[in-house]
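Input: a single structure, listed below in structure tokens.
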């Protein structure tokens, strides 16, 4: 595809943005970076015809020129490396091989890529995901990042608010805890407990050691510790369905729920067969730092949690405050693109991750059948307050 020199005006920056709603939680340092990095409207780019030979008249106004790295950008900005890579992938997917300006090429490349991404991600609405195509800060290849724009508690549906037996809800919740972190930046109750333990009890996890820590490290009055939370008190606030020991074995679950859980496990196992480095859902901090300088200033916790705000609102506010101020580590995956062949592999892994999220979505929106009058499995002890929350 040849291009025509465009009028001397800045190119329009468009983003392939398959997010559903919500605002980005990417750290402020990253948001303040130039437009070709991750932001709400990142400069997504790629040149569709970068390998075409240059036209001898390419430096003359009004003449068609072939897009070649040797053609100087006299009349408008050249297509950036990420436009060029995605453009080579987009070229076979268009019927129009006519001449166009670089601005038109950018828009076409972005539209083709955006449509392909939306086809895969649009069915997912339990979480807001956004795609950003990034240029390296060094001389590395472009990369594609999946960014999570959702913050706070993930909707747990019937698991949290339904009236199904606690053992059924605990089985479903345990499955989410064990699998969801494969594709989403999400933290669990154990992560929350560990954060609280480090902050309040110097890493201690039992009450006696926590008391000593409060006295020796935080200056608490040994005679007046009633106002200080202890590990056991935090654990007691868990609803029964959050406790793994309460989960019913598969043989005691209704067939429809067993199928939903089997779908989640099967989709997660397929994802585990992918090479992590080549997958859309693989996150590597060192790789991300090469494309998003300042990311090290983000909070260490992800933006999503499986912990219900009731009854853990205070604890969640404590640990998520730094994320609200500095930005969360909200990248679900980042994949460098050393050549155009990697893009098809990226789309294949993106689709597998989306299929997994659809099984999670189906599980959360499941309407379990009414329980029959069968003997209930033993339920792990919980406080009266926690029992009231879980009912």
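Residue numbers (full-length UniProt numbering): 1 to 391.
Here a beta-carbon is modelled for each residue, glycine too, at the ideal position from N, C-alpha and C.
Q) Comparing alpha-carbon positions, which option in 154, 108, 248 lies nearest residue 166? A) 248
Q) Closest to residue 363 by CA distance: which of 80, 270, 176, 148 is it? A) 176
Q | Coil, strand or helix - residue 126 by DSSP | A | coil
Q.
In the DSSP output, what is residue 144 paired with across the bridge?
A. 133, 335
**Q.** Cutoff 7 angstroms; reference residue 220; Cβ partners in own chain excluding five residues on either side
**A.** 214, 228
Q) Based on the DSSP secondary-structure assignment, which residues constitute the bridge partners of residue 153? A) 305
Q. Count the other CB atoms within 10 Å of the CB of residue 335; is the residue buried (16 or more) or exposed (fewer)?
A. buried
Q) Who are the near neighbours of residue 137 in its chain, counting only those whose CB is closer than 7 angstroms to its CB and skipping five residues on each side? A) 290, 291, 293
Q) Going along the chain, which residues of its own chain have a beta-carbon closer than 7 angstroms to the beta-carbon of residue 174, five neighbours each way excluded? A) 244, 247
Q. Nearest to residue 129 by CA position, among 179, 305, 151, is which residue?
A. 151
Q. Cβ atoms of residue 350 and residue 280: under 8 angstroms apart, would you say?
A. yes
Q.
For residue 228, report the span of its alpha helix (DSSP H) as first-last.
A. Run containing residue 228: none; DSSP gives neither H nor E here.
Q: Consider the C-beta atom of residue 301 and the heavy atoms of the ligand COA; say whether any pair is separated by less than 7 angstroms.
A: Of ligands this structure carries none, so the ligand COA is not represented either.
Q | Helix, strand or coil at residue 186 [DSSP, three-state] | A | strand
**Q.** Reference residue 233; option with closest CA among 217, 216, 207, 358
**A.** 207
Q | Whole-angstrom distance between residue 143 and residue 264, CA atom to CA atom | A | 28 angstroms
**Q.** Chain-order list of residues whose beta-carbon lies under 6 angstroms from that of residue 299 (same chain, five-residue window excluded)
**A.** 322, 323, 326, 328
Q. Out of 92, 95, 108, 357, which has the shortest C-alpha to C-alpha gap to residue 79?
A. 108
Q | Distance CB(residue 126)-CB(residue 163) smaller than 8 angstroms | A | no
Q | Stretch pair the region 185 to 199 + the region 301 to 321: three plus CB contacts closer than 8 angstroms | A | yes
Q) Rounded to a whole number of angstroms, what is the C-alpha to C-alpha distance between residue 261 and residue 169? A) 11 angstroms
Q: Classify residue 161 as helix, strand or coil using the three-state DSSP reduction.
A: helix
Q.
Measuring straight from C-alpha to C-alpha, what distance separates residue 106 and residue 184?
A. 30 angstroms
Q | DSSP three-state assignment for residue 49, whether helix, strand or coil | A | Confidence at residue 49 is low in this model, with a pLDDT of 32, below 50, so its placement is unreliable and the value that follows should be read with caution. It is coil, neither helix nor strand.
Q) Per DSSP, residue 298 forms a beta bridge with which residues? A) Per DSSP, none; premise fails for residue 298.
Q) Mind checking residue 217: buried by the 16 CB within 10 Å criterion, or exposed? A) exposed
Q) Just to confirm, are residue 147 and residue 113 a CB contact at a threshold of 8 angstroms? A) no
Q | The alpha helix (DSSP H) enclosing residue 264, as first and last residue numbers | A | 255 to 272
Q. Between 203, 191, 124, 141, which lies nearest to residue 82 when the distance is taken from Cα to Cα?
A. 141
**Q.** Range of the contiguous alpha helix (DSSP H) that encloses residue 118
**A.** 102 to 121
Q.
Going by DSSP in three states, residue 95 sits in which element: helix, strand or coil?
A. coil
Q: Helix, strand or coil for residue 243, going by three-state DSSP, please let me know.
A: coil
Q: Determine the direct distance from the alpha carbon of residue 92 to that of residue 172, and round the result to whole angstroms.
A: 44 angstroms
Q) What is the rounded straight-line gap between the Cα of residue 67 and the Cα of residue 88? A) Only weak support exists for where residue 67 lies, its pLDDT of 33 falling under 50; the value from the coordinates is given anyway. Roughly 11 angstroms separates the two Cα atoms.
Q: Let me know the secondary structure DSSP gives residue 346 once reduced to three states.
A: helix
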